[in-house]
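Trainee: Questions regarding the structure given below will be posed in turn.
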Ligand code: TRP
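In this note's numbering, the protein residues as written are 146 to 476.
Structural data, given as structure tokens:
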């Protein structure tokens, strides 16, 4: 049995929130213990929306540094920038020819983004999931940790892989989405706890970013929306406090029951401050490492080149196999 390969990527459109950290990045770090992992900064995926070149460039370096600061081990795993490995773009063209127009048109994210941005429904937006399929299939990944919103895209990658395998001979590993475990706390916005803590929220006060300063973090927690009543208990009627309890538990590894007990008789203001402190304290070492890496241009270049070379070697091999099966002349 070959070892399972894990592939995942994060788009550097915006920098990750503490919700992304708890729901995705922590799990990507943990998976390194058990699997061969490849993680990417998906810059190619960013340009389906208008993005300022300087922002794309700095966000890519920020995201790469942040991966390392959060614990992605560049010796153990392959960490790279997507556009550094040209096979992603090349395989996308091939896979386009194995994707039905109707299949791509049915993607929920395409439909939603088209509705939200009616004046820029570009072909790249339509093709976005095929590029994602190329990302995954190039490396023979069988496991793809993603959020719920990306599950459908991984399923399309499965369909494409199976179609190619059936048309020729088994070529691609058929990947499976790995969703955040049911128990894993879903982090809601501090401004509207029933909504997801979004990277692009208009309501910036509801979103805590991993790289927010301690002051910003504390200010956001102090302003967090709470519920009527005064007890610190997790309950469906108390979405605000329940969300804060989830965040506290995620950052302190304490249980909900222990947390409720710990804050018995305390008021909301006190609790909010303690949640802020817990988050600030856990993020501090990450932020410190982040600053060191991000400032070290030589180290960053070296890590990016290394990652790209390792990824390229695997990706080229897959692409070559695909080209041969299709019938392209190889010289
Ligand atoms: N589209 C994913 C997102 O928005 C990011 C991504 C790009 C990805 N390529 C991928 C995720 C391949 C998993 C596998 O979150």
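We put the CB at the ideal spot given by N, CA and C, even for glycine.
Under 7 Å from any heavy atom of ligand 1, does the C-beta of residue 297 make it?
Mentor: no
Trainee: Tell me, which residues are paired with residue 341 by DSSP?
Mentor: 333
Trainee: I'd like to confirm something about residue 155: is its beta-carbon nearer than 7 Å to some heavy atom of ligand 1, or not?
Mentor: yes
Trainee: Taking the straight line between their C-alpha atoms, what separation do you get for residue 426 and residue 238?
Mentor: 46 Å
Trainee: I need the boundaries of the beta strand (DSSP E) containing residue 447, first residue and last residue.
Mentor: Per DSSP, residue 447 belongs to no beta strand (DSSP E); it is in the alpha helix (DSSP H), 442-471.
Trainee: Residue 155 by DSSP, collapsed to three states: which one?
Mentor: strand
Trainee: Please return the same chain residues whose Cβ sits closer than 7 Å to the Cβ of residue 221, not counting the five positions on each side in sequence.
Mentor: Same-chain partners within the cutoff: 177.
Trainee: Mind checking whether the beta-carbon of residue 449 lies closer than 7 Å to any heavy atom of ligand 1?
Mentor: no
Trainee: Using 8 Å as the limit for Cβ to Cβ distance, is residue 349 near chain C?
Mentor: Absent here is chain C; the protein component of the structure consists of one chain.
Trainee: If I follow the unbroken beta strand (DSSP E) through residue 225, where does it start and stop?
Mentor: Segment 223-226, the beta strand (DSSP E) holding residue 225.
Trainee: Would the beta-carbon of residue 190 be found less than 7 Å away from any heavy atom of ligand 1?
Mentor: yes
Trainee: Spatial neighbours of residue 448 within its chain, please: C-beta separation below 6 Å, excluding the five flanking residues on both sides.
Mentor: 219
Trainee: Is it buried or exposed, residue 373, if we count other Cβ atoms within 10 angstroms and call 16 or more buried?
Mentor: Residue 373 counts as exposed, since fewer than 16 other beta carbons sit within 10 angstroms of its beta carbon.
Trainee: Report back the beta-carbon spacing between residue 353 and residue 324 to the nearest angstrom; my notes put them in contact at under 8 Å.
Mentor: The Cβ separation is near 23 Å, so there is no contact.
Trainee: Looking only at DSSP bridge pairs, what is residue 182 linked to?
Mentor: 151
Trainee: Looking only at C-alpha atoms, which of 298, 212, 406 sits nearest to residue 170?
Mentor: 212
Trainee: Considering only C-alpha positions, which residue in the set 253, 265, 466 is nearest to residue 296?
Mentor: 253
Trainee: Following the continuous beta strand (DSSP E) through residue 174, name the residue where it begins and the one where it ends.
Mentor: For residue 174, there is no enclosing beta strand (DSSP E); the residue is found in the alpha helix (DSSP H) stretching over 171-176.
Trainee: What is the residue span of the beta strand (DSSP E) that residue 323 lies within?
Mentor: 321-323
Trainee: Just the C-alpha distance for residue 217 and residue 338, rounded to the nearest angstrom, thanks.
Mentor: 30 Å
Trainee: Mind checking residue 227: buried by the 16 CB within 10 Å criterion, or exposed?
Mentor: buried
Trainee: Output the distance between the C-alpha atoms of residue 179 and residue 375, rounded to the nearest integer angstrom.
Mentor: Residue 179 and residue 375: Cα-Cα distance of roughly 43 Å.
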